[in-house]
Each structure stands twice: as C-alpha cells, then as structure tokens.
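Protein chains in written order, with this note's numbering: chain F, 37 to 376; chain A, 11 to 277.
Glycine is no exception: its CB is placed at the ideal position from the N, C-alpha and C atoms.
One structure is given here, and the rest of the page talks about it.
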Amino acid sequence: MNDNSLLRIEDLRISFRTAHGPVLAVNGVSLSLRDNEVLAVVGESGSGKTLTGLSVLGLEPPDATVTGRIWFRDEELRSASPRRLRDIRGATIAMIFQEPMTSLNPSLTVGRQVAEVVRRHQGLSWKDARSRVLDLFDLVRLPSGARHLRSYPHQLSGGMRQRVMIAMAVACDPAVLIADEPTTALDPTIQAQILSLLRDLRASLGMSILLITHDLGVVSRMADRVVVMYAGHVLEQAPTAELLSSPAHPYTTGLLGAVPQPDSNAETRRLTPIAGQVPLLRAEPTTCVFSPRCAHVTPACLTAQPALRQVTRGEAHQAACVLDRIPDPARETAPRAQAT
Amino acid sequence: MNGSDMTTEPPTLTVTGLRKTFHLPRTSGRGAVHAVAGVDLTIGRGEIVGLVGESGSGKTTVAHCVLRLLEPDVGAIALDGTDITHLSRRGLMPLRPKMHMVFQDPYSSLNPRMKVADIVAAPLRAQRQLPRRKINAEVDEMLDQVGLPLELRGRYPHELSGGQRQRVGLARSLIARPLLLVADEPTSALDVSVQAAILNQFADLQRDLGFSCLFISHNLAVVHYLCDRIAVMQRGEIVETGPREQIFRSPSHPYTRELLSATEVSP
Numbered sequence: 037m038n039d040n041s042l043l044r045i046e047d048l049r050i051s052f053r054t055a056h057g058p059v060l061a062v063n064g065v066s067l068s069l070r071d072n073e074v075l076a077v078v079g080e081s082g083s084g085k086t087l088t089g090l091s092v093l094g095l096e097p098p099d100a101t102v103t104g105r106i107w108f109r110d111e112e113l114r115s116a117s118p119r120r121l122r123d124i125r126g127a128t129i130a131m132i133f134q135e136p137m138t139s140l141n142p143s144l145t146v147g148r149q150v151a152e153v154v155r156r157h158q159g160l161s162w163k164d165a166r167s168r169v170l171d172l173f174d175l176v177r178l179p180s181g182a183r184h185l186r187s188y189p190h191q192l193s194g195g196m197r198q199r200v201m202i203a204m205a206v207a208c209d210p211a212v213l214i215a216d217e218p219t220t221a222l223d224p225t226i227q228a229q230i231l232s233l234l235r236d237l238r239a240s241l242g243m244s245i246l247l248i249t250h251d252l253g254v255v256s257r258m259a260d261r262v263v264v265m266y267a268g269h270v271l272e273q274a275p276t277a278e279l280l281s282s283p284a285h286p287y288t289t290g291l292l293g294a295v296p297q298p299d300s301n302a303e304t305r306r307l308t309p310i311a312g313q314v315p316l317l318r319a320e321p322t323t324c325v326f327s328p329r330c331a332h333v334t335p336a337c338l339t340a341q342p343a344l345r346q347v348t349r350g351e352a353h354q355a356a357c358v359l360d361r362i363p364d365p366a367r368e369t370a371p372r373a374q375a376t
Numbered sequence: 011m012n013g014s015d016m017t018t019e020p021p022t023l024t025v026t027g028l029r030k031t032f033h034l035p036r037t038s039g040r041g042a043v044h045a046v047a048g049v050d051l052t053i054g055r056g057e058i059v060g061l062v063g064e065s066g067s068g069k070t071t072v073a074h075c076v077l078r079l080l081e082p083d084v085g086a087i088a089l090d091g092t093d094i095t096h097l098s099r100r101g102l103m104p105l106r107p108k109m110h111m112v113f114q115d116p117y118s119s120l121n122p123r124m125k126v127a128d129i130v131a132a133p134l135r136a137q138r139q140l141p142r143r144k145i146n147a148e149v150d151e152m153l154d155q156v157g158l159p160l161e162l163r164g165r166y167p168h169e170l171s172g173g174q175r176q177r178v179g180l181a182r183s184l185i186a187r188p189l190l191l192v193a194d195e196p197t198s199a200l201d202v203s204v205q206a207a208i209l210n211q212f213a214d215l216q217r218d219l220g221f222s223c224l225f226i227s228h229n230l231a232v233v234h235y236l237c238d239r240i241a242v243m244q245r246g247e248i249v250e251t252g253p254r255e256q257i258f259r260s261p262s263h264p265y266t267r268e269l270l271s272a273t274e275v276s277p
C-alpha cells in the first residue's frame with residue numbers, strides 16, 4: 037500500500053438499528069497507523085472511538101452494520117474469513133481493554149489464561165508454555181511472577197491484572213496493539229507505571245499502538261500523533277505536540293480548555309466547558325456535527341459536515357473546520373468569568 | 011468566607027483519632043483490614059478540603075464515618091462544635107440537615123422511580139417543617155442555582171444526561187443549606203467537557219452559599235482547581251496535609267511526590 041502505514045482504516049461506517057431508528061455510531065472514519073507509531077484516538081463517550089478499535093478485529097457487536105475497508109499491510113481484514121481473523125487476533129494484532137477484571141476469565145488461573153494464547157498461536161506444549169509465561173510475566177514486570185502462575189484474577193490488584201492482560205497481548209509479539217482506555221480504571225500512580233511499561237514494550241518489541249482514550253494527559257505522555265473523534269467523525273489529526281499547542285478545531289480547543297491544569301494561575305483560573313452534550317447521530321449530518329455546541333458558527337458551518345483539510349502550517353495537520361483561525365478563546369471568556 | 015470570624019466560631023468539622031477496621035470472613039484468610047488507622051482532620055468555615063489517595067487508602071471510609079453512615083471504632087467527630095460520634099439516630103436527626111453527600115455515580119445515586127423535583131425536595135420533606143408551597147419554591151430556586159431548566163422538574167433520572175443527573179444530585183445535597191458537604195468523586199464518571207461545567211458550577215455554589223466541603227478525588231488537577239487545603243491519604247493514614255499551593259509546589263512526603271509526578275498534564 038502507499039506510504040508506510042501498517043494499519044489503514046478507510047471510510048469506516050458503523051450503524052445500529054434501534055427502536056427509535058438508526059444510529060450512525062461511526063460515520064466515515066479514515067485513519068492510518070504507521071510502523072512503530074503510537075496513534076491516539078481521542079474522544080468523549082459516544083464519539084465512536086471504541087467501536088472503531090473493535091471493528092479492526094471484527095469484534096463489533098453482532099447487531100452492528102459495518103462498511104468500509106481496514107487494511108493490515110496488504111490484507112483487507114473486513115473481508116477476511118472468520119478463521120483467518122482468529123489467527124490474526126492476539127497474534128499479529130492484539131487488544132487490551134479498560135477493565136481487566138471483566139476481560140479475564142474469573143474461573144481460570146492467570147497463568148493458564150496467558151498460556152492458552154501461546155499454545156493456540158504458537159502450538160507450545162503446556163511445559164514450554166509455562167516457561168514462556170514466566171518470561172512474559174517478567175517482561176511486564178509482574179512482581180514475583182512465578183507465584184502468580186496459579187493466582188486467580190480476583191486475587192490480583194487492578195494494576196497487576198492489567199499487567200496480565202498486557203502479557204497476553206504481547207505474548208505473540210504482535211505488530212499492532214490496540215489499547216482501549218488501558219489505564220482509565222487505575223489509580224494515578226499505577227496508571228503512570230502501566231504507561232511507562234507500554235512505552236518500553238513498544239520500543240523493545242517494535243509494536244505500533246492504537247491508543248484509544250478520553251484522557252489528554254495520557255495522550256501527551258504516550259502518543260506520537262493524535263486523531264480527535266466526535267460523533268462518529270474525525271474532526272482533527274496532528275502530531276501530538278502540535279495538536280496540544282495549536283489546535284485547529286474548536287472542539288479540540290474546547291477539550292483542552294475543559295481540563296483543569298495544576299500549573300495555571302490559581303486566582304484567575306476558570307474552566308471553559310463546552311455547552312451541551314455529545315449528540316447521537318441518527319441521520320447523515322446536514323451541518324457540521326459540532327455546530328450545535330460551537331461558539332464560532334458561521335453560515336458555512338450549517339451547510340454540510342466539513343471535510344478534513346490541511347491546516348496552513350503543519351503538513352501532517354488536518355482539521356474538519358471551515359475556519360482558518362479560531363478566534364482567541366482567552367479574550368472571549370475573560371469578561372464572562374468576571375460577570376458570573 | 012474563611013476570614014476573621016473563624017476564631018470565634020468552631021470549625022465546621024473536627025475529626026480526631028478516627029479508626030475503622032473491617033473484619034473479613036474467615037474464609038478470605040486475610041483477617042482484618044485497617045481501613046482508617048488514626049486520622050485527624052479539620053475543616054474550617056467555608057473551606058474546601060481535598061482528600062486524595064489511591065483506591066483502598068480509606069478516603070471513602072473517612073467520608074462515611076464523618077456522616078455516621080458507618081460507625082467509627084475509635085475517635086471523635088464534631089460537627090459545628092457538637093460531638094456527634096455517639097449520638098443516637100434520634101439525637102442525630104436535628105443535625106442531619108447540616109451535612110449532606112454527593113455521590114460518585116449519578117446513575118445509581120438517584121431513585122429511578124422519583125421525579126427530579128421529588129428527588130431534590132426529599133431532604134426538605136424529611137424535616138417535616140416547611141409547607142408544600144414553600145418546598146416547591148425552594149426546589150425551583152435550587153434547580154435554577156445548579157443550572158437546570160425548570161422544565162426538567164417532572165422528568166425521571168433516565169431521561170437526563172450524566173451532567174444533568176449530577177446537577178440533580180448537587181441540588182438535592184444543597185437544598186437544606188448544609189454546613190458541610192461531603193463530595194465523593196462527584197465528577198469522575200463524567201466526560202471532560204461536562205466535568206468542566208460541573209466544576210465551575212460547584213465553585214460558584216460554594217462561593218454563593220458558603221458551605222464547607224470535604225472533596226474526595228484521585229484527580230489532583232480537579233482538587234487543585236477547587237480546594238483550599240489538601241490532605242493526602244495512604245494506607246488509612248493522612249501522610250501529608252497543607253494549603254493547596256504548598257502541596258503542589260513543595261510536597262514533603264514521597265507518596266505525594268509520586269502522585270504529583272503521575273498527574274502532570276502538559277507535554
């Protein structure tokens with residue numbers, strides 16, 4: 037395929053039929069994950085980010101209607117046979133989830149569950165699998181790993197369970213790791229440890245990571261590039277540092293302004309919330325999907341959902357907004373903060 | 011609010027030597043958990059104190075003991091100068107309106123079979139002192155203060171968004187004008203753009219109504235935004251406490267430093 041993309045999603049659309057009519061959860065998402073890259077997909081609940089990740093491995097809910105193409109190297113995954121997908125899942129593309137307690141089988145020891153992965157994909161005997169599991173526990177820095185071969189998930193802490201999940205995911209040296217909110221359920225200190233583990237594994241194993249998260253703090257520490265999703269659409273994508281320092285879409289600006297910053301001036305500080313709610317898309321949008329919550333709406337915003345276009349400076353920076361420059365939010369919110 | 015009159019009036023909340031141990035069933039093989047192992051905490055008039063620490067550090071147990079939802083094993087709790095540690099249920103009744111709680115999960119902490127107006131009115135009805143007309147007027151005023159449109163009075167919780175539900179929870183907790191509000195992770199279940207609106211609202215309400223608050227969170231950025239003082243808990247003990255800026259600029263306990271380095275946001 038073109039450029040150096042490892043995983044490429046083209047015009048992905050996922051919809052559901054509900055009693056109240058159709059819901060377009062993902063509506064024309066295209067993105068590409070490059071070799072040895074951490075790409076963050078950022079969005080709030082309902083943005084479609086999790087479904088995008090799940091559909092790569094054909095794990096979307098059975099009542100979902102999916103169209104579009106997903107290329108892994110030269111292979112199209114949406115048309116792959118179930119058997120082929122089973123070989124890919126956990127071997128070349130692996131996934132970890134938010135809540136490790138619900139993703140592990142509570143009635144099997146964690147040693148057995150990790151062993152199952154290497155037995156299934158690499159055909160090892162139980163004996164060889166056992167020593168491979170010990171190596172993996174070492175790799176993910178599970179403290180006193182040998183003791184935990186026979187532990188059940190409920191006997192481990194949240195951080196340890198996530199390490200076990202990561203051990204299962206990297207067991208077959210995958211090319212791509214899809215990590216869906218891997219640290220959201222964890223305490224801040226454990227979260228930092230798991231992120232640094234993922235960073236190290238990515239470097240030592242040479243994986244690419246598709247990191248799905250709502251947390252811009254996690255993005256700033258992990259990602260090389262960011263895709264911002266909202267209501268099933270990609271609104272902006274850019275290298276991480278550039279997105280955080282000069283966001284080009286009002287939604288991204290809004291997200292950044294809504295997060296409290298410990299280093300901000302304590303007396304004048306005021307968060308700038310985004311009014312309203314993430315909408316549920318029921319039909320093809322006839323306006324910009326963000327326009328109901330946007331402070332800078334122009335007539336052009338109300339004619340169609342803008343396509344992604346190049347932002348003036350950065351060559352890899354694209355935004356789906358008709359504005360060339362977002363009016364300075366600081367000037368605008370200052371009088372309001374005093375009035376309230 | 012926390013100005014010169016603090017010297018004459020007692021602090022809103024004084025906790026001294028609080029201990030709480032949970033005895034686990036013998037089958038667990040773990041014996042007892044010392045959830046709170048000697049906590050001292052004071053909250054002045056109109057002060058917001060942040061209680062931070064990892065899960066299992068005892069934050070919520072402290073909160074529940076303060077409200078007498080749990081019985082402390084050892085220690086004393088004084089609300090507005092009155093020792094409430096050993097008051098009976100009946101003895102506690104007149105003091106209940108002075109303290110209230112906002113819960114973490116706005117989905118499970120509202121009765122799904124009650125309408126918004128009834129949920130918010132519940133604390134006033136429980137006092138059995140106000141006539142219905144007065145209660146209705148108070149509910150309308152409170153809904154307005156937390157930024158909820160009055161059309162939502164007759165709605166049920168499932169018809170509301172997460173942010174709206176948490177505003178209902180906030181309205182319910184403040185309608186009886188408590189001296190002390192205990193907020194247990196009130197925004198952690200919300201999306202960031204919604205969380206920002208609730209935090210602003212909370213800061214405004216505190217400024218207007220002047221209540222004191224024990225604000226429990228594991229999000230240091232949120233605590234920094236709202237709180238005057240911060241207490242850091244680890245394994246059932248408060249390992250460090252101080253004014254916000256001191257905790258953030260010159261933390262003295264290693265655990266506080268670890269927490270801070272784990273929550274840096276900027277790249």
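Buried or exposed, going by whether 16 or more other CB atoms sit within 10 Å of the CB of residue i?
{"i": "A:HIS96", "result": "exposed"}
{"i": "A:GLU161", "result": "exposed"}
{"i": "F:SER180", "result": "exposed"}
{"i": "A:PRO122", "result": "exposed"}
{"i": "A:GLN176", "result": "buried"}
{"i": "A:LEU153", "result": "buried"}
{"i": "A:ILE257", "result": "buried"}
{"i": "F:ASN40", "result": "exposed"}
{"i": "F:GLU111", "result": "exposed"}
{"i": "A:MET103", "result": "exposed"}
Would you kindly work out how many angstroms separate the C-alpha atoms of residue i and residue j, rounded to a whole number?
{"i": "F:THR138", "j": "F:THR86", "result": "16 Å"}
{"i": "A:ASN229", "j": "A:GLU195", "result": "9 Å"}
{"i": "F:PRO342", "j": "F:CYS330", "result": "14 Å"}
{"i": "A:ALA206", "j": "F:ARG199", "result": "32 Å"}
{"i": "A:GLU268", "j": "A:ASP201", "result": "25 Å"}
{"i": "F:ILE129", "j": "F:ASP216", "result": "13 Å"}
{"i": "A:LEU23", "j": "A:GLY54", "result": "7 Å"}
{"i": "F:ALA393", "j": "F:PRO309", "result": "Residue 393 of chain F lies beyond the stretch modelled for chain F, which goes from 37 to 376, so this question has no answer here."}
{"i": "F:VAL270", "j": "F:ILE362", "result": "18 Å"}
{"i": "F:GLU152", "j": "F:THR145", "result": "11 Å"}
{"i": "A:SER183", "j": "A:ILE240", "result": "22 Å"}
{"i": "A:ALA272", "j": "F:GLN227", "result": "8 Å"}
{"i": "A:THR197", "j": "A:GLY63", "result": "16 Å"}
{"i": "A:GLU169", "j": "F:GLY312", "result": "15 Å"}
{"i": "F:GLN229", "j": "A:LEU270", "result": "13 Å"}
{"i": "A:GLY60", "j": "A:MET111", "result": "14 Å"}
{"i": "F:ALA356", "j": "F:LEU344", "result": "4 Å"}
{"i": "A:VAL171", "j": "F:HIS184", "result": "The residue you asked about is not Val; residue 171 of chain A is Ser in the sequence shown. Near 42 Å, if we compare the C-alpha coordinates of F:HIS184 and A:SER171."}
{"i": "A:PRO107", "j": "F:THR54", "result": "44 Å"}
Provide the residue span of the beta strand (DSSP E) that contains residue i, from first to last.
{"i": "A:TYR166", "result": "From DSSP, A:TYR166 is part of no beta strand (DSSP E); its letter is neither H nor E."}
{"i": "F:PRO58", "result": "57 to 70"}
{"i": "F:ARG105", "result": "100 to 108"}
{"i": "F:ASP216", "result": "212 to 216"}
{"i": "A:GLY252", "result": "247 to 253"}
{"i": "A:LYS30", "result": "23 to 33"}
{"i": "A:VAL62", "result": "58 to 62"}
{"i": "A:LEU191", "result": "190 to 194"}
{"i": "A:GLY220", "result": "Neither: A:GLY220 is in no beta strand (DSSP E) and is coded neither H nor E."}
{"i": "F:GLY89", "result": "Where F:GLY89 is concerned, there is no enclosing beta strand (DSSP E), although the alpha helix (DSSP H) it sits in stretches over 85 to 92."}
{"i": "F:LEU48", "result": "41 to 54"}
{"i": "F:ALA76", "result": "74 to 78"}
What span of residues does the alpha helix (DSSP H) with residue i cover, start to end?
{"i": "A:CYS75", "result": "69 to 76"}
{"i": "A:ARG143", "result": "142 to 155"}
{"i": "A:MET124", "result": "First-last for A:MET124: undefined, no H or E at that position."}
{"i": "A:GLN244", "result": "Unbroken run through A:GLN244 is the beta strand (DSSP E), 239 to 244; no alpha helix (DSSP H)."}
{"i": "A:ARG266", "result": "The sequence shown places Thr at residue 266 of chain A, not Arg. Per DSSP, A:THR266 belongs to the alpha helix (DSSP H) from 264 to 272."}
task = Give a yes or no on contact between the segment 193 to 213 of chain F and the segment 172 to 182 of chain F, applying the rule of three or more CB pairs nearer than 8 Å.
result = yes
ask   = Do the segment 67 to 86 of chain A and the segment 27 to 41 of chain A make contact, defined as three or more Cβ pairs closer than 8 Å?
value = yes
ask   = Considering only residues of the segment 241 to 329 of chain F, which uninterrupted beta strand (DSSP E) runs meet the minimum length of 3 residues and lie entirely inside it, listed in chain order?
value = 244 to 249, 261 to 266, 269 to 275
message = Under 8 Å, with one C-beta from each stretch per pair, do the segment 63 to 72 of chain F and the segment 287 to 298 of chain F reach the 3-pair mark?
response = no
ask   = Which ranges would you report for the alpha helix (DSSP H) in the segment 83 to 124 of chain A if only whole runs of at least 4 residues count?
value = 99 to 102
ask   = Any chance the segment 242 to 260 of chain A sits against the segment 214 to 223 of chain A, with 3 or more Cβ pairs inside 8 Å?
value = no
task = Would you check if the segment 159 to 173 of chain F and the segment 87 to 105 of chain F touch, i.e. whether three or more CB-CB distances between them fall below 8 Å?
result = no
Length-filtered (4 minimum) alpha helix (DSSP H) runs lying within the segment 115 to 194 of chain F = 118 to 124, 136 to 139, 146 to 158, 162 to 175, 181 to 184
request  = Take every Cβ of the segment 156 to 168 of chain F, pair it with every Cβ of the segment 236 to 253 of chain F, and state whether three or more of those distances are shorter than 8 Å.
outcome  = no
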